[in-house]
Amino acid sequence: MSPSAPTSTLRRSIFAGIAGLSLAGTVAGCAPSAAEDGPAPADNGTAATTPAGGETALAGSGSNYKDGTYSADGNYVSPNGNETVGVQLTLASGTVTDVRITEHPSNPNTRKFQGEFAGGIAAQVVGRNIDELKVSKVAGSSLTSGGFNQAVEKIKSEAR
Amino acid sequence: MPDADWAEFSFDGIGTRWEVATPLPLAPALRSRLLERVEKFDAGWSRFRSDSLVGAMAHSPGRYSFPAEAAALGTLYRTLYGLTGGAMTPLVGGSLERLGYGPAYTLQPSGPPMPAPRWEDVLDWDGTAISTRAPVVLDIGAAGKGLLVDLLAAELATAGEKDFLVDGSGDLLACGSRRVAVALEHPYNPAQAIGVLDLRGRALCASAANRRSWGDGLHHVLDGTTGRPVRTAVATWALADTAMEADALATALFFVPGQVLRDAFNFSWLTVYSDGTADHSAEFEGTLFT
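So the sequence lines, in the order shown, correspond to chains A and B. 4 is the number of the first residue of the first sequence in the working numbering; add one for each residue after it. 972 is the number of the first residue of the second sequence in the working numbering; add one for each residue after it.
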């Protein structure tokens, strides 16, 4: 109970507690059988070919985008209510050469941090095919990703 | 969804959007069970409902009997409370309400930042029994969404589903043989990803300081020792066996480095800081764009 109790002891005892609870099965992730099925290479054949097929189809359509700079807005619902994300993409030969997010006067926090962080990230996306931005899922500040996908879809249809 | 041919069941729950993807459409009865599970969870844990257990606890101290998942959740929170020196706490609900993020949604601070009460002063969390010595606003937001992902996964597994993806607005659990490509979203630019990760048989959860931001400098990740928002880390990702752990650890990474958390948890992490640098464990090697 003493606040000065050795931290390492605290960690060990708590770790033991968690392990016990996991065995009790109160909260589990995937069933063990799923992990056992996983490594079998035969099962993975179909899964492995699926992304390749997807890429081929998308690469074919990618060359149809016209060069230029496009803007679109998408909406998403946050606890603040409806918010808008503005996306501006510059396309050249079917690839994204620049990405900008329209500033939102209603969101000073985002604007401030964009300024602090902008330098490091732009280089990572430049030159990637617009369709490569499509993955199965996005993990991050996920409230906005629905709005972003809306905006990109609008741009893709405009750029045809 | 993991593949274009998978069926998706979408619904709203605990204030966010949910998607459950499976190779074949879910039977109506199973869909109903999932929705019932969400409602049951909300009825116990919601800070925004006066008729929830948490809502009652905010008014009256006493001993409350919570659903079964409370046991694992309490141990997880107590561990992280210790490892973060009290910064990460389920008692931060009052501080959030002070900053305007309460049931009334004023989104206006009603006073100076208020530190959370100390766990040992007000709270006794023993398995599924939670006893309080003062009115406290319990907030399980740091792990609750992930926990519900796990609970929905358990419903699916019980019904015999083997391959599925549960997505609680970016808190992901992928079970079965297929890999799911997941973009790691740029913290301040949702037009971009900073990397891509293949997810299979585990949970991936993220936390970002720009999510649910309101007002200048007040965002939703609070330091319980000061009641003020955390500033340095801007986005975190955690991979773990359960979404509950991944969700909580993604938040804990705002308070302490992944190396500290590794003493108590089997997980992988990626932390991006406001200067654009990243810190990650081995499993995230190669997932970041260069």
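Glycine is no exception: its CB is placed at the ideal position from the N, C-alpha and C atoms.
Judged by DSSP secondary structure, Glu1254 (chain B) falls outside any beta strand (DSSP E); it is assigned neither H nor E. Scanning its chain for C-beta atoms nearer than 6 Å, with the 5 sequence neighbours on each side dropped, one finds around Phe1226 (chain B) the residues Thr1055, Ala1058 and Met1059, in chain order. If you look at Val1093 (chain B), you'll find it in the alpha helix (DSSP H) that goes Trp1090 to Val1093. Under the three-state reduction of DSSP, Tyr1052 (chain B) is assigned to helix.
DSSP lists no bridge partner for Lys1011 (chain B).
Chain-order list of chain A residues neighbouring Ala1125 (chain B): Ala31, by C-beta distance under 7 Å. For Leu1144 (chain B), the neighbours in chain A by C-beta distance under 9 Å run, in chain order, Gly32 and Cys33.
Cβ proximity to chain A below 7 Å picks out Trp1208, Asp1212, Thr1213, Ala1214 and Met1215 from the segment 1207-1227 of chain B. Around the CB of Phe982 (chain B), fewer than 16 other CB atoms lie within 10 Å, so the residue is classed as exposed. Bridge partners of Glu161 (chain A) according to DSSP: none are assigned.
Under a criterion of Cβ atoms nearer than 9 Å, no residue of chain A is adjacent to Gly1131 (chain B); the nearest Cβ is some 10 Å distant.
Only exposed fits Glu1007 (chain B), as fewer than 16 other CB atoms lie within 10 angstroms of its CB. Membership of Leu1122 (chain B) in the alpha helix (DSSP H) is indicated by the continuous run Gly1112 to Thr1129. In the pairwise beta carbon analysis, the segment 1030-1043 of chain B is classified as not touching the segment 1162-1177 of chain B: fewer than three pairs are separated by under 8 Å. Taken in chain order, the complete alpha helix (DSSP H) segments of 4 or more residues contained in the segment 1197-1242 of chain B are 1214-1223 and 1229-1232. DSSP places Leu1024 (chain B) inside the alpha helix (DSSP H), whose first and last residues are Leu1024 to Met1028. Taking all protein chains shown into account, Arg1104 (chain B) has fewer than 16 neighbouring C-beta atoms within 10 Å of its C-beta and is therefore exposed. The residues Phe980 and Val1137, in chain order, have a CB closer than 6 Å to that of Val991 (chain B) in the same chain once the five nearest residues on each side in sequence are set aside.
Exposure of Glu1256 (chain B) is indicated by the presence of fewer than 16 other C-beta atoms within 10 angstroms of its C-beta. Look at Asp1095 (chain B): its C-beta is not under 8 Å from any C-beta on chain A.
Between Gly71 (chain A) and chain B, the shortest Cβ-Cβ separation is not below 8 Å. Closest by C-alpha distance to Trp1208 (chain B), out of B:Asp1142, B:Gly1131, B:Ala1235 and B:Arg1233, is B:Asp1142.
For Asp1250 (chain B), no Cβ of chain A is located within less than 8 Å of the residue's own Cβ. Interface criterion not met: the Cβ of Ala978 (chain B) is under 8 Å from no Cβ in chain A.
In the three-state reduction of the DSSP assignment, Arg1034 (chain B) falls in the strand class. Apart from the 5 residues on each side of it in sequence, Gly1026 (chain B) sits with its Cβ closer than 6 Å to the Cβ of Arg1020 in its chain, given in chain order. Counted as a single uninterrupted DSSP element, the beta strand (DSSP E) harbouring Ala1174 (chain B) occupies residues Ala1174 to Ala1179. The shortest C-alpha to C-alpha distance from Leu1210 (chain B) to any of B:Ala1164, B:Ala1162, B:Ala1249 and B:Gly1117 is the one to B:Gly1117. Excluding the 5 residues flanking it on each side, Phe1037 (chain B) has same chain C-beta neighbours closer than 7 Å at Gly1015, Leu1024, Thr1099 and Ile1101, in chain order. Under the 8 Å criterion on CB atoms, Pro1086 (chain B) is classed as non-interfacial with respect to chain A. The shortest CA-to-CA distance from Val1205 (chain B) to any of B:Met1215, B:Arg1150, B:Ala1221 and B:Val1009 is the one to B:Ala1221. Close partners of Asp1092 (chain B) in chain A (Cβ separation under 8 Å) are lacking, with about 12 Å as the shortest Cβ gap. Around the beta carbon of Ala1214 (chain B), a 10 Å sphere encloses 16 or more other beta carbons of the protein chains shown; the residue is thus reported as buried.
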